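Some notes on the structure that comes next.
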Amino acid sequence: MKVQGKEQSFSNTYLAVAIRITIFGFCAISVGLNAYAEQYNQVSTIQEYHIAPSTLGKALSNFALQSGVALSFDPLLLKGINSSGLNGQYRVDEGFQELLKNTKYQIKQTSSGYALEEKPQNNKRVESVKLTPLLSKANQDLHSSGASSDALLPTISLKAEDRRASLQQKSGISALGNKSILDTPFSIAVVTSEEIEKRGAKSLGQIFANDPSVYTPTTSMTTDWWGTQIRGLGVRNYYVDDIPLSLAWGGDFPVEAADQVIALKGLTGFMYGFGSPGGAISYQTKRPTSSPQTSLQVDYRNKNLFSAYLDKSDYLSSIDLGYRFTLGGDTGQAYNDTKNKRVVSSFALDKQFNDQLSWDANVIYEYNDRKQEPIQFYLDQYEIGNTNVKLPRVNYNYSNLNIDDSYYKTETLVSSSSLKWKLNEQWNTKYQFGYSRKKHFSNKIFATLDNSQGDYIGNLYNFAGLSQYFFNQIMMNGKFKTSWIDHDLVMGAGYIKNYDTYSDFFWGDFFQGNLYTKPDYQITHPKNFDLISKGSPETQKYAFMSDTLSFGPKWQAILGTRYTKYELESQDNTSNNYRANKATPTIALLYKPIPESTVYASYVEALEPGKRVEAPYQNIGTILNATISKQYELGFKYEIDKLSLTSALFRVERAELMDSFRNGLRYLTQDGLTNYQGLEFDSKYKLTDRLKVGLGFIHLDSEIKHVSEDNQSIKGNSPAFTAKWQGVINSEYSFERIEGLSIHGNIRYNGSSFITNNNLIKVPAYTIMNLGTSYKFRLNGYDATLNTNLNNVFNKKYWAGGGYNAGTIGEERNGSISIKVNW
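Residue numbering for the sequence shown follows this note's numbering, starting at 1 and increasing by one per position.
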């Protein structure tokens, strides 16, 4: 009890320090605001302008700079649009009108400046780009110094105040023509980099904390191990700008390089070929902006973890090339005593050769060294034969769960390049090449939990592994008309090859321990990370086609097919290769009673790849055959003014992976069919101009069917770690008297689930509350944001289950504070 008391006191001390830092930060900001508060006025008189030919975004920025007005727009809207410039005498409104002549955009004057919006067309509702205008620092410096505007580079900062995901934004599903989320007949969740920064998210669990359909037991600052689920099914498909990357185990993608993270629910088969039917996680990386932007962000997390990141985007007019560069890292000790050392860098290029031809490329690199993270537990041997037994009580004395000299290190590299050719106004094509690799160095501790007293058998998992993907794809998209039917056709073909190489595996060095005492185990096994064992190379050759048929303004149908030729080569290059050839269909019907809503029904099949069995199973190295899964979905989407709604009824049928015990030894096998059917719902409502609320839930009814004689005892049971209910309530409030200050929070409920397919013992349900603040202000003439977050506010102690029979000690209350300055 004394040890626990010290731990609680230690945690409270750091919490008190974090609170004091936050209060001090707000005081400092108040002083800064009083010292550096500035006012600006719109210029309404006639003025002489000299705007050189450039991109339209840069021309608008220069015009606003010379005019001394605040302008806001999303740079992505104007990407690839050029301007012939402007010379002569104009009023502000006249100048904007001249620059935007022959485009589909216009300028709208607001109470605090100017904003870009689309011109009304065919009496349709105008979609305004609702952004908060930010002052041009260069313009302020110009007035204060008396310098000529011709001597200054345009450094106007144009950023959205809250670029939240909207159903009107593009879905990122290129294989269906990159439609809006509203017009896509599948469920999609998008989280932007602004939301990620605001909530201080570092893990997938924190990124998708407001989406009940996406779940992971993995706590922040620990290594993910087969844990992430979408609709109750494990996620095995991860992509970075469409390039596959092995992330199902062994760590996440560096979120600092991502512009947005997308959860694709159910569309894996058509989008990416092989994959689990539940869904996929797609990272869209940060691209160069149309206006120069630089930001510096510094973070602090308890216990003693510091981060710093520099993000710079600029445009080299001499060679018409945009670039974006990110560099940063983390160092220190996390709330769970894990010692972290991480370096992240990314570099992106955009080149517009002419109105028809453009090119882009990017490279992302991460080195992550995570030492002494908490033990990863397995629960499948817990209290065998007993029922109604509770899991051991949880405390957050992490020193009892950390082993000296244990670590998990990874090196991640993703690179890609694409060439886009606009053939005419209706047709375009794109060729994309990519390469990804993830290298693992494991000296990680696992343990099998035995009983409610907290006893366990621990062991060392020592290995090195290298996973590589080579990706080539060409795609063409075009629109045409036959009779009274409009067509949006997408077709493509590609080639993907995956190589896995490993060192010798060591799963052993067993020792006894208890959750409530410090183990005396020391790692003595020699480390040998020589990559000597080449895995079974996987090859996918594929072609796909989809056609969206529009029968007037209300009805659409989507017909698609994907043909995949899959080969899993033998390790010894013999003739014992595994091959599978399969065409999988995608069919959908959409009805739009009004332009702002969609009712849809869809059906899709997915080809799941053969799986290489890993430790701790006795049949390690065995290849399990490819299988076909099916998904049916009926959904509704609606977004207008203050309200956004999405809901879906779905059913997924897939082959089940099961543990089989022979002579007391565990084997991984394919047996039976599992049905996952459920209802998911998500809503967002703006109650007032300052208060936003959200509500979401998912209800799952899953069942194991059609099993062999050996597994008749589990027929009709629920699959392990599939909770019946999960739900989230979230809100955000902007203060009226303190401009720029908002508070946000959520309450998430994760339901109970069985730890094995035998359905004898459950991981209990738990509810977590998170709170945070965000403060946008001017700091010495620069735009700045201060974000603070407190996770697990009430320090709930819980078990989280997921992955292959795995269980995780919950996440202790922890906090973060960050400041970001833009110029």
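Note that CB positions come from ideal geometry on N, CA and C, so glycine has one too.
Since the structure is predicted, the reported quantities are computational estimates derived from the model, not experimental observations.
Inter-residue spacing [alpha-carbon to alpha-carbon] between residue i and residue j
i	j	result
Pro292	Asp314	4 Å
Gln89	Glu98	11 Å
Glu366	Thr773	29 Å
Lys79	Lys58	10 Å
Ser67	Ser629	59 Å
Ala580	Glu567	6 Å
Leu233	Arg654	10 Å
Asn336	Ile364	28 Å
Tyr309	Leu296	6 Å
Arg666	Pro616	8 Å
Val255	Gly85	37 Å
Phe735	Asp547	48 Å
Gln699	Leu589	The question names Gln, but residue 699 is His in the sequence shown. Going from the Cα of His699 to the Cα of Leu589 covers about 24 Å.
Leu559	Pro585	8 Å
Trp555	Gly635	15 Å
Asn675	Asp380	22 Å
Arg91	Ala115	16 Å
Asn789	Trp249	27 Å
Gly434	Gly328	24 Å
Ser44	Tyr105	Only weak support is given to the placement of Ser44: the predicted model assigns it a pLDDT of 48, under 50, and the value that follows is read from those uncertain coordinates. In a straight line, the C-alpha of Ser44 is about 21 Å away from that of Tyr105.
Leu649	Gly678	6 Å
Gln618	Tyr461	14 Å
Asp682	Ile319	46 Å
Asn472	Gly494	5 Å
Gly716	Val261	36 Å
Leu668	Asp350	46 Å
Ser418	Pro526	44 Å
Sheet register partners of residue i (DSSP bridge)
i	result
Asp299	Ser307, Ser818
Pro719	Paired residue(s): none; Pro719 is not in a bridge.
Gly279	Lys265
Leu316	Leu321
Trp823	Trp823 pairs with nothing; no bridge assigned.
Trp421	Leu357, Thr429
Val414	Ile364, Ser436
Val240	Ile243, Tyr283
Asp329	Just to set this straight, residue 329 is Gly in the shown sequence, not Asp. DSSP output for Gly329 lists Ala308, Val343 as bridge partner(s).
Ser731	Val693, Gly745
Gln540	Ile496, Tyr566
Tyr632	Tyr603, Arg651
Ser546	Val490, Gly560
Tyr617	None; Tyr617 has no bridge partner.
Trp725	His699
The alpha helix (DSSP H) enclosing residue i, as first and last residue numbers
i	result
Asp93	92-99
Enclosing beta strand (DSSP E) for residue i [first to last residue]
i	result
Met221	Counting along the chain, Met221 falls outside any beta strand (DSSP E), and DSSP gives it neither H nor E.
Pro553	Careful: Pro553 lies outside any beta strand (DSSP E) and carries neither H nor E.
Pro585	578-591
Arg778	766-779
Lys119	Lys119 -> no beta strand (DSSP E), and no H or E assigned at all.
His744	741-750
Ala850	No answer is possible for residue 850: the residues shown for the chain start at 1 and end at 823.
Ile809	806-809
Tyr396	No beta strand (DSSP E) holds Tyr396; DSSP gives it neither H nor E.
Tyr105	105-110
Leu167	Per DSSP, Leu167 belongs to no beta strand (DSSP E) and is neither H nor E.
Thr387	No beta strand (DSSP E) contains Thr387, which DSSP labels as neither H nor E.
For residue j and residue i, believed in contact at Cβ under 8 Å, the rounded distance
i	j	result
Asn62	Ile46	With 8 Å as the limit, Asn62 and Ile46 do not qualify as a contact, their Cβ atoms being about 18 Å apart.
Tyr378	Asn805	5 Å
Met658	Asn625	Not really, about 14 Å apart at Cβ, beyond 8 Å.
Ser644	Lys592	At roughly 16 Å, the Cβ-Cβ gap does not stay under 8 Å, so Ser644 and Lys592 are not in contact.
Gly802	Gln206	Not quite, the Cβ-Cβ distance comes to about 15 Å (not below 8 Å), so this is no contact.
Gly696	Val728	5 Å
Phe463	Tyr502	6 Å
Ile747	Ile755	Incorrect: roughly 25 Å between the Cβ atoms, too far for contact.
Val235	Ala280	7 Å
Subject >> beta strand (DSSP E) runs wholly inside the stretch 45-71, at least 3 long, in chain order >> reply: With a minimum length of 3 residues, the continuous beta strand (DSSP E) runs that stay inside the stretch 45-71 are 47-51.
Original post:
Curious, which full-length beta strand (DSSP E) runs of at least 3 residues does the stretch 332-383 contain?
Top reply: Segments of the beta strand (DSSP E) lying fully in the stretch 332-383: 339-352, 357-371, 376-378.
Subject >> 3-residue-minimum beta strand (DSSP E) runs that sit fully inside the stretch 172-204, ordered along the chain >> reply: Along the stretch 172-204, the beta strand (DSSP E) occurs as fully enclosed runs of 3 or more residues at 187-192, listed in sequence order.
**OP:** Enumerate, from N- to C-terminal direction, the unbroken alpha helix (DSSP H) stretches of 4 or more residues contained entirely within the stretch 640-713.
**Re:** Qualifying alpha helix (DSSP H) stretches: none in this window.
**OP:** Counting only runs of 3+ residues fully inside the stretch 447-520, write out the beta strand (DSSP E) ranges in chain order.
**Re:** Runs found: 455-482, 485-502, 506-514.
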